[in-house]
Amino acid sequence: MKWLAHSAARHLILGVVFVLLVSCFGILGYMHNGWSFGDSLFMVVLTVYTVGYQEVHPLDTVELRAITIAVIVLGCTGIIYLTGALVQFLTLTQIQKMLGLTRMHKQIEDLRDHIIICGFGRTGSMLAKELQTAKAKFVVIEPELNRFTEARELGYLCIHADAAEESVLKQAGIERAHALATVVSSDPVNVFITLSARSLNGAIQIIARGEEPSTEKKLLQAGANSVVLPAHIGAEQIASMILFPSIAGVIQSAERRRQMDLDLRTLGLEIEVVVAAEGSLFTGLTVEEIERKAERSFFVIAVEQAGSGRAERPLPGTRIAAGDGVTILGRSGRANILNKFAEAAR
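In UniProt numbering, the protein residues as written are 1 to 346.
The following block contains the structure:
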């Protein structure tokens, strides 16, 4: 199909060049016989497009008549050829586009245990890039044409539609999917997509994005397994870098953090940094007591005492004080438990 499209484009270019050459021949021929450039151009246009208006000047010589006959024959032939090439080019372009979409839909239908990304904005595009790097199977759902086109140009499987519609989620293979990430910029839309996805597949893992912290509870109630608050996470990371530079230096080193995250994710683990708040559930407890109270769902691997500027590997008897920075290694998806230990008791 590609060589056909290239052939059609070549025919189109040849047709344009041929018509231009015939036009130049006619203009120069008439000008050679004393006509002005404007009159010559007007006569050529009338002749090539077979309009049938009266001649600009009388064709009273053999040379003028010969030029006119040549322009009529060659010009009409060129226009017919150019029209056919244009129709062929447009038709093949549309067929190629349709076949490309059909092939892509067939590939989506064949997906199993894949990931569905709802939204191809900044977060969605970054997520797709990471999944592609990890060689994970995924499909993107994006309603905006520009973003959909961008996703297609990057070679992603994608659907140009609104993910809030159940029929679209079914088209993306929601029943066969392993996980769904709804990362559109609208919290209400994310809640609605989460509800729809959960109703269509009770076992699918749903990760939802939220702009406002108050949306987290709604997303969890709607069926999300995990909720990501980008602004909240970013603020926490900045605070950690300011308050606990030694811990931040260990886990924020770009290349080291990236590789470590990938390795830990493979094992179903993640690293978090939390700050012991005054009156929190683990303030005043030893490391051993904290881990036991958390039912060994995570382990404390480093503690930076407030104001010390130095992170150290704690002993089981190390006691956590308010303001201490605590680096925790635990199973993925345990963020809610971590928050309970880090926040002040109410």
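Idealized CB from N, CA, C, for every residue including glycine.
Cβ neighbours of ARG147 within its own chain (closer than 6 Å, five residues either side excluded): PHE120.
Excluding sequence positions up to five before and after GLY323, its CB lies within less than 6 Å of the CB of ALA306, all in the same chain and listed in chain order. The beta carbon of LYS137 sits closer than 6 Å to those of LEU111, HIS114, all from its chain and outside the five residues before and after it, given in chain order. Closest option to ALA164, judged by alpha-carbon separation, among VAL303, SER40, VAL189, PRO58: VAL189. ASN225 and PRO316 have their C-alpha atoms some 32 Å from each other. DSSP places ALA302 outside any alpha helix (DSSP H); the residue lies instead in the beta strand (DSSP E), whose first and last residues are 298–304. Rounded to the nearest angstrom, the gap between the Cα atoms of ILE108 and CYS118 is 15 Å. Distances from the alpha-carbon of ARG65 to those of GLY34, TYR30, ARG296 put TYR30 closest.
VAL51 is positioned such that its CB atom lies no closer than 8 Å to that of SER23. It is roughly 6 Å from the alpha-carbon of ILE72 to the alpha-carbon of VAL48.
Linking VAL56 to ASP39 through their CA atoms gives a straight-line distance of about 7 Å. Contact check for PHE299 and GLU291: beta-carbon distance about 6 Å, within the 8 Å limit, so the pair qualifies. Leaving aside the five residues that flank ARG176 on each side, the residues in its chain whose CB is nearer than 8 Å to its CB run, in chain order, LEU111, ARG112, ASP113, HIS114. With a beta-carbon spacing of about 5 Å, ARG319 and THR286 fall inside the 8 Å limit used to define contacts.
In terms of Cα proximity to PHE25, the closest of PHE42, ALA70, GLU289 is ALA70. The count of Cβ pairs closer than 8 Å, one atom from the stretch 200–211 and one from the stretch 178–185, reaches three, so the stretches are in contact. Residue range 179–182 is occupied by the beta strand (DSSP E) that includes LEU180. Counting every other CB atom within 10 Å of its CB across the protein chains shown gives ASN33 a total below 16, marking it as exposed. Per DSSP, ARG209 is one residue of the beta strand (DSSP E) stretching across 205–209. Secondary structure of THR149 (DSSP, three-state): helix. Here GLU166 carries a helix assignment [DSSP, helix/strand/coil]. In the same chain as VAL62, and ignoring 5 residues on each side of it, no C-beta atom comes closer than 6 Å to its own. Burial of GLU142 is indicated by the presence of at least 16 other C-beta atoms within 10 angstroms of its C-beta. The secondary-structure analysis by DSSP pairs GLY325 across a beta bridge with VAL275, GLU304.
DSSP, read as helix, strand or coil, puts SER185 in coil.
Classified as exposed, LYS170 has fewer than 16 neighbouring CB atoms from the shown chains inside 10 Å of its CB.
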